[in-house]
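Asker: Provided herewith is a single structure, encoded as structure tokens, for subsequent inquiry.
Numbering (this note's numbering), first residue to last: 6 to 724.
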């Protein structure tokens, strides 16, 4: 059903009036519902925010004006099924730490899953780290924050009652949280932070800060705002908080379906999730993705998407419908009148609920995405969901010459693996006791948890400055082979490429490795994350661990024109038929034995030289009684020494690539993946405390940041 321009303007006026009526001083949309009760819980077992009393008072005032009563408590005994059943929503107001015991956690989960509402404010994300289901409930866990400062927020949903009153952008002062993972794929993002508007954002430019989602039969709302006392006197923030409570309580309806993950090598979005616009509106359609489209489109209208950058986009695809005149979608960069990157015609489909797909290639652009619409008189068409296809990672992202060895072999009983994998090495009993001398910041994770652990890994890889992971692969049909496609999808979403580490699987021969290369090329060669070295004929890369186990590698001659295969050795008499050399050893890099000779030989013979640097090596817990020497981290000095050795022509030759041992080989203690600063007590875990002068939570990412430092030095040295 279409409305005229006059009807559209009338609706816009009504929407504005509705927003005004939702203000804390006037009856809201919830007034039509029966009065209800809200529980505000503010117990803290860690940092305590001095804004909590102001928050309680603000919510009580909102309740008095909007027909709900508020019970404020810090007594966790309130979390029983019987007591929670009396409330329509529970608000976690800047809670911190472990505030609920097991039975109380079960009561809260059962309450929300059964139809109740949850609202998290600010430090609610800094809560219940030992309860995995809580991360799903709140949406994401707290990672870090910079100093309190002014920042610009982008409104991604102009319809939800929490954000309907806000302009396209909102500048305010608060404490801006970074999160351990990006929740976008699992929640409906209402607001995001513009990381270019402040210092300290660490979420690679896509930084949700307020969101909602359905939690089985219940509802969850979270906002990272609300650190300061002043926040709770801000009418706009109070309105946001009110809309979140009303949604969670079921007093008002809202679309909180998932915003959606970017697709492999690209980004996708609901067209109605615009952040700026002229003329267009959201149109409800049951047959559309998310139940709505970008509609009421006339000639000259446009919509902008601040969180979608056109940089690297090579194609645009959209799902459209039209019972009107049809017309053209113009894809522009930077503004509605910015450079035209491409356009595609939309012809009538016969009905507003009859959808088809249109696509066009794009020229290079930079800046936020804008869609401008042209055509004849009257309604033109609707746009449902669209996607940008992006080119593979480029040098504008991480360095394609710094490679991190990556291990996808971990598993948990709750995850896709269905059992503990690798964490129990050395006779340990996870989750508290692991076969590692360091404890992961994420805890013992499952390598098949793509939207959680793996996506976080890729964010951390980006932070390290490296552009390539070297995927530990144990043969065709192996566990790691089965996860490869999903991990590559996650890598592509973050602009990371994937090379391969051919491990010594049972029955490995030179001929089987050649067959493996053909298999991997055939299965993944077209994937945007599949690494190819432009400087070496666009060949892909395969590191062969323990290559000295096999004496005759002449079979590799069959793939030398399409693949760079690296031997693990510095003995140059053992590298015939290979295309490169690496070392892997996490101890040898401290003294670089044989590196100069291997690097010079590689350069003279047209081979890739990729010495391996490591922050340290200790495997006492993974291999009890092992007499192999270990190498302490020395607060980062060991890592610096190895990088210095690699980049010093007099010691390490002239490296083509630098390989890092490792991103996440926890058993050998060589990982740069963040390790917990507060591991389970009583197990003798080490931490990164003191690394590069950092302490506490700041030390957890010290080796990621130092890798970025050395990566930059490497790139500068290469010119």
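The beta carbon of each residue, even a glycine, is placed where N, CA and C say it ideally should be.
With the cut-off set at 8 Å, would you say residue 681 and residue 445 are in Cβ contact?
Answerer: Indexing the chain shown from 1 puts residue 681 at position 676. Indexing the chain shown from 1 puts residue 445 at position 440. Result yes, Cβ atoms of residue 681 and residue 445 sit closer than 8 Å.
Asker: Could you tell me whether the Cβ atoms of residue 375 and residue 330 are closer together than 8 Å?
Answerer: Numbered from 1 along the chain shown, position 370 holds the residue referred to as residue 375. Numbered from 1 along the chain shown, position 325 holds the residue referred to as residue 330. No, they are not a contact pair.
Asker: Only counting runs of 4 or more residues, tell me where the alpha helix (DSSP H) segments fall wholly within the stretch 477–540, in order along the chain.
Answerer: Qualifying alpha helix (DSSP H) stretches, in chain order: 484–498 and 515–529.
Asker: Within the chosen definition, does the stretch 124–144 reach the stretch 93–100 through at least 3 CB pairs nearer than 8 Å?
Answerer: Touching, per the Cβ criterion.
Asker: Is residue 213 buried or exposed, if buried means 16 or more other CB atoms sit within 10 Å of its CB?
Answerer: Within the chain shown, numbered from 1, the residue matching residue 213 stands at position 208. With 16 or more Cβ atoms within 10 Å of its Cβ, residue 213 is classed as buried.
Asker: Is it the case that the Cβ atoms of residue 307 and residue 326 are separated by a distance below 8 Å?
Answerer: Taking the chain shown and counting its residues from 1, one reaches residue 307 at position 302. Taking the chain shown and counting its residues from 1, one reaches residue 326 at position 321. Contact flag unset, no.
Asker: Verify whether the separation of the beta carbon atoms of residue 5 and residue 613 is less than 8 Å.
Answerer: Any answer about residue 5 is impossible in this case: the structure gives the chain only from 6 up to 724.
Asker: Along the chain, where does the beta strand (DSSP E) that runs through residue 175 open and close?
Answerer: As a working mapping, residue 175 is identified with position 170 in the chain shown. Residues 174–179.
Asker: Rounding to the nearest angstrom, what Cα-Cα distance links residue 79 and residue 407 in this structure?
Answerer: The count along the chain shown starts at 1 and reaches residue 79 at position 74. The count along the chain shown starts at 1 and reaches residue 407 at position 402. Spanning the two alpha carbons is a distance of roughly 49 Å.
Asker: Measuring straight from C-alpha to C-alpha, what distance separates residue 723 and residue 493?
Answerer: Here residue 723 refers to the residue found at position 718 of the chain shown. Here residue 493 refers to the residue found at position 488 of the chain shown. Straight-line Cα distance between these residues: approximately 28 Å.
Asker: Give me, in chain order, the residues of the same chain whose beta-carbon lies closer than 6 Å to that of residue 379; leave out the 5 immediate sequence neighbours on both sides.
Answerer: Numbered from 1 along the chain shown, position 374 holds the residue referred to as residue 379. Within the same chain, residue 379 has close Cβ partners 304, 332 and 333.
Asker: Within its chain, find whatever has a CB closer than 6 Å to the CB of residue 47; leave out the 5 residues flanking it on each side and keep chain order.
Answerer: Residue mapping note: residue 47 aligns to position 42 of the chain shown, counting from 1. Only 57, 79 and 98 meet the Cβ criterion.
Asker: Using C-beta distances below 7 Å, list every residue in its chain close to residue 377, excluding the 5 sequence neighbours before and after it, in chain order.
Answerer: Position 372 of the chain shown, counted from the first residue, corresponds to residue 377. Contacts found: 307, 335, 337 and 341.
Asker: So, helix, strand or coil for residue 347, using DSSP?
Answerer: Translated into the one-based positions of the chain shown, residue 347 becomes position 342. If DSSP states are grouped into helix, strand and coil, residue 347 belongs with the strands.
Asker: How would you label residue 553, buried or exposed, when you count the other beta carbons within 10 angstroms and need 16 or more for buried?
Answerer: Numbered from its first residue, the chain shown carries residue 553 at position 548. With fewer than 16 other Cβ atoms within 10 Å, it is exposed.
Asker: Determine the direct distance from the alpha carbon of residue 417 to that of residue 542, and round the result to whole angstroms.
Answerer: The residue labelled residue 542 in the question sits at position 537 within the chain shown. The residue labelled residue 417 in the question sits at position 412 within the chain shown. Looking at the two C-alpha atoms, the distance is approximately 41 Å.
Asker: Check whether the stretch 634–648 touches the stretch 589–597, counting contact only when three or more Cβ pairs, one atom from each stretch, lie closer than 8 Å.
Answerer: A contact exists between the stretch 634–648 and the stretch 589–597.
Asker: Under three-state DSSP, which class holds residue 421?
Answerer: Position 416 of the chain shown, counted from the start, is the residue given in the question as residue 421. Correct three-state label for residue 421: coil.
Asker: Applying the 10 Å Cβ sphere with the 16-neighbour rule, what's the burial state of residue 39?
Answerer: On the chain shown, residue 39 is found 34 positions in, with the first residue counted as 1. Label assigned to residue 39: exposed.
Asker: If you check the beta carbons only, do residue 529 and residue 487 fall under 8 Å apart?
Answerer: For this step, residue 529 is matched to residue 524 along the chain shown. For this step, residue 487 is matched to residue 482 along the chain shown. Their beta carbons are not under 8 Å apart, which means residue 529 does not touch residue 487 by this criterion.
Asker: What does the alpha-carbon distance come out to for the pair residue 105 and residue 152?
Answerer: Against the chain shown, residue 105 aligns to sequence position 100. Against the chain shown, residue 152 aligns to sequence position 147. Cα to Cα, the separation comes out at about 29 Å.
Asker: Helix, strand or coil, according to DSSP, for residue 411 in the structure here?
Answerer: The residue given as residue 411 occupies position 406 in the chain shown. In the structure shown, residue 411 sits in a strand (DSSP, three-state: E or B).
Asker: In its own chain, which residues sit with a C-beta less than 7 Å from the C-beta of residue 437, not counting the 5 before and 5 after it?
Answerer: Numbered from 1 along the chain shown, position 432 holds the residue referred to as residue 437. Taken in chain order, the residues that qualify are 685 and 688.
Asker: Say whether the stretch 492–506 touches the stretch 533–542, bearing in mind that this needs 3 or more beta-carbon pairs closer than 8 Å, one atom from each stretch.
Answerer: Touching, per the Cβ criterion.
Asker: Looking at the strands, I want to know which residues DSSP matches up with residue 220.
Answerer: Within the chain shown, numbered from 1, the residue matching residue 220 stands at position 215. Its beta-bridge partners are 223.
Asker: Taking the DSSP output, what are the residues bridged to residue 46?
Answerer: Numbered from 1 along the chain shown, position 41 holds the residue referred to as residue 46. Paired residues: 78 and 97.
Asker: Report all residues from its chain with a CB closer than 7 Å to the CB of residue 429; omit the five preceding and five following residues, and keep chain order.
Answerer: As a first step, residue 429 is located in the chain shown; it is residue number 424 there, counting from the start. Cβ within range, chain order: 435 and 440.
Asker: Under a three-way DSSP split, which group does residue 600 fall into?
Answerer: Counting from 1 along the chain shown, the entry for residue 600 is found at position 595. Reduced to three states, the DSSP call for residue 600 is helix.
Asker: Candidates 292, 50, 500 and 545: which alpha carbon is nearest residue 316's?
Answerer: What you label residue 316 is simply residue 311 of the chain shown in a count that begins at 1. Checked all of 292, 50, 500 and 545; the closest Cα to residue 316 is 500.
Asker: Between the C-alpha atoms of residue 298 and residue 388, what's the straight-line distance to the nearest angstrom?
Answerer: Here residue 298 is taken as the residue at index 293 of the chain shown, counted from 1. Here residue 388 is taken as the residue at index 383 of the chain shown, counted from 1. The alpha-carbon atoms of residue 298 and residue 388 are separated by roughly 6 Å.
Asker: Would residue 629 be called buried (16 or more neighbouring beta carbons within 10 Å of its own) or exposed?
Answerer: Indexing the chain shown from 1 puts residue 629 at position 624. The residue in question, residue 629, is exposed, as its Cβ has fewer than 16 Cβ neighbours within 10 Å.
Asker: Do you know how far the Cα of residue 239 is from the Cα of residue 49?
Answerer: On the chain shown, residue 49 is found 44 positions in, with the first residue counted as 1. On the chain shown, residue 239 is found 234 positions in, with the first residue counted as 1. Cα to Cα, the separation comes out at about 24 Å.
Asker: Which same chain residues end up closer than 6 Å to residue 583 when comparing Cβ atoms and leaving out the 5 residues on each side of it in sequence?
Answerer: Position 578 of the chain shown, counting from 1, holds the residue named residue 583. Correct list, in chain order: 570 and 572.
Asker: Considering only the alpha carbon of each residue, which of 472, 242, 67 and 110 lies closest to residue 84?
Answerer: Against the chain shown, residue 84 aligns to sequence position 79. Comparing Cα positions, the closest option is 110.
Asker: How many angstroms separate the CA atom of residue 187 from the CA atom of residue 145?
Answerer: In the chain shown, residue 187 corresponds to position 182, counting from 1. In the chain shown, residue 145 corresponds to position 140, counting from 1. Whole-angstrom Cα-Cα distance: 7 Å.
Asker: Would you mind working out which of 477, 82 and 313 sits nearest residue 409, comparing C-alpha positions?
Answerer: By 1-based counting over the chain shown, the position of residue 409 is 404. Cα-wise, what sits closest to residue 409 is 477.
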